[in-house]
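Asker: Under the UniProt record's numbering, read the sequence shown as residues 1 to 199, first letter to last. Below you will find the structure I want to go over with you.
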Amino acid sequence: MFGFGKPEKTPREQAKEAKRGISQSQRELEREKLALERQEKLLIADIKRAAKEGNNGGTKILAKQLIQLRQQKDKMTMMKSNLGSIGLQTTTMAATNKQMDMNRFQQVIMDFEKQSEMMGMREEMLDDTLIDAFDDEEVEAEGDAVVDQVLTEIGLDLASLMADAPTRQANAAATRFDNLLPDAALLPPPTKVSAQSLH
């Protein structure tokens with residue numbers, strides 16, 4: 001009733017249980033990686049829009065966010081790979097019929113728990129990394145070169161976009177001014193003034 005005398009799980013059963021946990025963690029990582037890829041596409045669209053509007057500052061900020069997002073995605077890929085390696089070891093252990101090396105098994109479980117802990121911190125890692133991107137002087141110093149690299153990668157030339165920005169802004173201002181002018185067809189005809197009316 002109270003579980004007295006219940007046999008402890010064998011190393012093989014523990015290995016199978018760990019393998020299930022690893023598989024679940026891998027699926028979760030894959031879902032979050034796909035979410036980051038969707039966010040990456042949105043960021044690229046925002047970068048292109050800001051650059052075409054001549055928003056230099058906004059373009060750089062968004063490009064730095066894109067850099068940090070890609071770094072986070074790379075970390076997730078590495079974590080998933082590490083979990084896959086651990087999962088392969090547990091699968092091998094669960095499939096074997098001979099007595100397993102308990103020290104080796106315990107090390108595998110510790111590795112799995114470490115990766116699980118890293119997964120629990122992944123959202124905080126992303127937020128902290130984005131914040132550090134704006135506080136890190138080294139990142140700021142190299143920012144322009146990195147931004148140019150990102151913009152080139154997505155098919156934009158920041159220098160030419162910034163050079164064309166005043167022209168685009170002037171054209172936009174002219175268009176707004178033209179829209180304020182009344183339509184000549186709607187204006188009343190000019191009033192004729194006779195010479196007598198001037199006396």
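Note that beta-carbon positions come from the ideal geometry of N, C-alpha and C, so glycine has one too.
(1) Relative to the C-alpha of residue 72, which candidate in 26, 19, 33, 13 has its C-alpha closest?
(2) Of the choices 74, 53, 153, 86, whose alpha-carbon is the least far from that of residue 25?
(3) Taking all protein chains shown into account, do 16 or more other C-beta atoms lie within 10 angstroms of the C-beta of residue 35, making it buried, or fewer, making it exposed?
(4) Since I believe residue 46 is in contact with residue 62 (beta carbons under 8 Å), could you give me their beta-carbon distance rounded to a whole number of angstroms?
(5) Let me check understanding here. Comparing Cα to Cα, which of 30, 50, 152 lies closest to residue 84?
(6) Assuming residue 37 contacts residue 66 (C-beta within less than 8 Å), just tell me the rounded distance between them.
(7) Rounded to whole angstroms, what's the CA-CA distance from residue 64 to residue 110? Just pull it up for me.
(8) Taking residue 153 as the reference, give the member of 81, 48, 78 with the closest Cα.
(9) In three-state DSSP terms, what is residue 8?
(10) Around the C-beta of residue 89, are 16 or more other C-beta atoms found within 10 angstroms, so that it is buried, or is it exposed?
(11) Compute the Euclidean distance between the alpha carbons of residue 171 and residue 58, then round it to the nearest angstrom.
(12) Kindly indicate which residue of 148, 155, 23 has the alpha-carbon position closest to the one of residue 80.
(13) Using alpha carbons as the reference points, say which of 43, 14, 78, 82 lies closest to residue 150.
(14) So the candidates are 27, 20, 148; which of them puts its Cα closest to the Cα of residue 77?
(15) Helix, strand or coil for residue 58 per DSSP?
Answerer: Inspection of the coordinates gives the following:
(1) 33
(2) 86
(3) exposed
(4) Rounded, the Cβ-Cβ distance is 5 Å, consistent with contact.
(5) 30
(6) That belief does not hold up - the Cβ atoms of residue 37 and residue 66 are roughly 12 Å apart, past 8 Å.
(7) Taken atom to atom, the span from the alpha-carbon of residue 64 to that of residue 110 is near 35 Å.
(8) 48
(9) coil
(10) buried
(11) For residue 171, the pLDDT reaches just 49, beneath the cut-off of 50, and the residue's location in the model is therefore unreliable, leaving the point undetermined.
(12) Sorting 148, 155, 23 by C-alpha distance to the C-alpha of residue 80 places 23 at the top.
(13) 43
(14) 27
(15) helix
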